[in-house]
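Peer 1:
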Amino acid sequence: MESNASRFVATTQIFGYRLGRSGKSMHDKTQRQAVILDAVSKGGSLEVAALAATLGVTGETIRRDIKELQAKGLVTKVHGAVTLPNTVLNTSFRDRMKHNSEGKRRIAAAIAERVVDGDSLIIETGTTTTYVAQALTARRGLTIITNSLDVARSLAFRSDNAVYMAGGRLTPDDGAALDQSAADFVRRFRVKYSISSVVGVDLEDGLTANTVAEADFSRLVISRAETPIIAIDSSKFDRKGLVQITEPYQVGLIVTDARLSTEYRRLFDGIEITEC
0 MESNASRFVA
10 TTQIFGYRLG
20 RSGKSMHDKT
30 QRQAVILDAV
40 SKGGSLEVAA
50 LAATLGVTGE
60 TIRRDIKELQ
70 AKGLVTKVHG
80 AVTLPNTVLN
90 TSFRDRMKHN
100 SEGKRRIAAA
110 IAERVVDGDS
120 LIIETGTTTT
130 YVAQALTARR
140 GLTIITNSLD
150 VARSLAFRSD
160 NAVYMAGGRL
170 TPDDGAALDQ
180 SAADFVRRFR
190 VKYSISSVVG
200 VDLEDGLTAN
210 TVAEADFSRL
220 VISRAETPII
230 AIDSSKFDRK
240 GLVQITEPYQ
250 VGLIVTDARL
260 STEYRRLFDG
270 IEITEC
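Numbering (numbering that gives the first Met the number 0), first residue to last: 0 to 275.
And the structure:
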């Protein structure tokens with residue numbers, strides 16, 4: 000059976016890290032915590048000792064990292080190991096689809112109004128983006144690139160669309176491909192619109208995701224579109240994920256069901272905003 004330590008090494012190497020006894024210690028706290036959270040998200044539970052050995056730092060350093068992540072509600076420490084909190088583990092993709100569903104549908108309708116027959120889009124995985132895919136079923140002749148099974152299923156068999164599914168290992172919760180093969184596939188396309196969502200947005204760090212893989216994939220998707228669209232439902236404001244996705248100026252359009260404060264309008268200065 001594969002050990003936690005070896006599974007963690009395999010996970011970190013996906014992101015290009017060479018850690019442990021044969022590599023360099025990871026002394027940057029933000030980078031270290033991002034890798035810890037990403038590995039726990041994939042592995043479910045990892046031993047503190049294995050994390051320390053793999054990252055080349057002391058157990059005390061890892062315990063401080065875990066304490067900070069736990070204070071943010073991102074992980075839970077249990078019996079010498081770290082795992083996702085019950086609130087995260089028990090909230091499935093289907094349950095998240097129900098959260099603020101009315102606001103997400105309004106966002107989806109506003110984005111669909113902008114899209115015309117024949118447009119090309121990259122649509123990322125996410126609950127709000129799944130609603131966007133459903134709202135686009137009335138359009139014809141779309142070219143869709145996606146890493147989401149739900150998005151592909153919504154649009155592949157309708158209205159003369161051409162739907163391309165990025166391959167790779169699928170995440171068990173939402174059926175999304177986020178690995179290098181998916182990124183390499185998406186990088187081959189240049190589209191009119193990209194549609195992404197976020198875990199949180201706040202005034203300090205802007206648009207954020209919970210894992211390195213999610214942030215890296217979103218950043219790539221944004222770079223491949225003439226007009227990158229970010230769908231942000233009202234529950235995401237004043238929330239912070241662990242990893243920044245991109246600077247706001249890289250975004251072409253923000254679509255939200257919230258009424259933005261003066262501070263958030265200043266954060267998104269120069270970006271088109273649609274409030275719905």
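In this text, a Cβ means the ideal position worked out from N, Cα and C, and glycines have one as well.
Who does Ile272 pair with in a DSSP beta bridge?
Peer 2: Answer is Ile253.
Peer 1: Tell me whether Lys239 sits in a helix, a strand or coil according to DSSP, three-state version.
Peer 2: Note: Lys239 maps to coil in three-state DSSP.
Peer 1: Provide the residue span of the alpha helix (DSSP H) that contains Ala224, from first to last.
Peer 2: Per DSSP, Ala224 belongs to no alpha helix (DSSP H); it is in the beta strand (DSSP E), Ala224 to Ile231.
Peer 1: Pair every Cβ in the region 146-164 with every Cβ in the region 257-264, then say whether three or more of these pairs are closer than 8 angstroms.
Peer 2: No, because fewer than three Cβ pairs between the region 146-164 and the region 257-264 fall closer than 8 angstroms, the two stretches do not touch.
Peer 1: Under a Cβ-count criterion, where at least 16 other Cβ atoms within 10 Å of its own Cβ denotes burial, should Arg20 be classed as buried or exposed?
Peer 2: Because Arg20 sits at a pLDDT of 40, beneath the cut-off of 50, its placement in the model cannot be relied upon, and the point is left open.
Peer 1: If you count every other CB in all the chains shown that lies within 10 Å of the CB of Ala70, and 16 or more means buried, which is it?
Peer 2: By the neighbour-count rule (16 or more Cβ atoms within 10 Å), Ala70 is not buried but exposed.
Peer 1: Which runs of the alpha helix (DSSP H) fall wholly inside the region 86-162 and span at least 4 residues, in chain order?
Peer 2: You should have 92-97, 100-113, 126-134 and 148-154.
Peer 1: Reducing DSSP to helix, strand and coil, say where Leu176 ends up.
Peer 2: The sequence shown places Ala at residue 176, not Leu. Of the three classes helix, strand and coil, the one that applies to Ala176 here is strand, per DSSP.
Peer 1: Figure out for me which residue from Val200, Ala52 and Arg223 has the closest Cα to the Cα of Ile194.
Peer 2: Of Val200, Ala52 and Arg223, the residue nearest in Cα terms is Arg223.
Peer 1: For Ser196, name the three-state secondary structure that DSSP assigns.
Peer 2: It is a strand residue.
Peer 1: Can you tell me which of the three DSSP states Thr245 falls into?
Peer 2: The answer is strand: DSSP assigns Thr245 an E or B state.
Peer 1: Helix, strand or coil for Ala165, going by three-state DSSP, please let me know.
Peer 2: Here Ala165 sits in coil by DSSP.
Peer 1: Is it right to say Val115 is buried, meaning 16 or more other beta carbons lie within 10 angstroms of its own, or is it exposed?
Peer 2: Exposed is the call here.
Peer 1: Should Arg265 go down as buried or exposed, given a rule of 16 or more other Cβ atoms within 10 Å for buried?
Peer 2: It counts as exposed.
Peer 1: Sorted by chain position, which residues of the same chain lie with C-beta nearer than 8 angstroms to Ile270's C-beta, five sequence neighbours on each side aside?
Peer 2: Closer than 8 angstroms at the Cβ level, and outside the excluded window around Ile270, lie Pro247, Tyr248, Val250, Gly251, Leu252 and Ile253.
Peer 1: How many angstroms separate the CA atom of Thr60 from the CA atom of Thr170?
Peer 2: Going from the Cα of Thr60 to the Cα of Thr170 covers about 30 angstroms.
Peer 1: When the Cβ atoms of the region 228-238 are set against those of the region 44-63, are three or more pairs found closer than 8 angstroms?
Peer 2: The region 228-238 vs the region 44-63: no contact.
Peer 1: Excluding five sequence neighbours on each side, which residues of the same chain lie with their C-beta closer than 7 angstroms to the C-beta of Gly205?
Peer 2: So the list reads Gln243, Glu246, Pro247 and Leu266, once near-sequence residues are dropped.
Peer 1: For the alpha helix (DSSP H) containing Arg47, name the first residue and the last one.
Peer 2: The displayed chain sequence assigns Val, not Arg, to residue 47. Here the alpha helix (DSSP H) through Val47 covers Val47 to Leu54.
Peer 1: On the criterion of 16 or more Cβ atoms from any shown chain inside 10 Å, does Arg138 qualify as buried, or is it exposed?
Peer 2: The residue is buried, with at least 16 neighbouring Cβ atoms inside 10 Å.
Peer 1: Look at the Cβ atom of Glu123, then the Cβ atom of Ser100, and state whether they are nearer than 9 angstroms.
Peer 2: No, they are not a contact pair.
Peer 1: Relative to the C-alpha of Val211, which candidate in Glu225, Lys66 and Ala38 has its C-alpha closest?
Peer 2: Ranking Glu225, Lys66 and Ala38 by Cα distance to Val211 puts Ala38 first.
Peer 1: Could you check what DSSP says for Gly22 in three-state terms: helix, strand or coil?
Peer 2: Legend: pLDDT at Gly22 = 48, less than 50; position of this residue unreliable, no value from coordinates given.
Peer 1: Report yes or no: is there a C-beta of chain B within less than 9 angstroms of the C-beta of Asn209?
Peer 2: Note that chain B does not occur in the displayed structure, where there is just one protein chain.
Peer 1: Throw me the rounded Cβ distance for the Leu154 and Thr136 pair, which I believe falls under 8 angstroms.
Peer 2: Contact flag correct, Cβ pair sits at about 7 angstroms.
Peer 1: Quick one: what does DSSP say Gly205 is sitting in, helix, strand or coil?
Peer 2: Looking at Gly205 - three-state DSSP - the assignment turns out to be strand.
Peer 1: The ligand FMN and Glu46: does any heavy atom of the ligand fall closer than 8 angstroms to the residue's C-beta?
Peer 2: Of the ligands one can find in the structure shown there are none, so the ligand FMN has no counterpart to examine.
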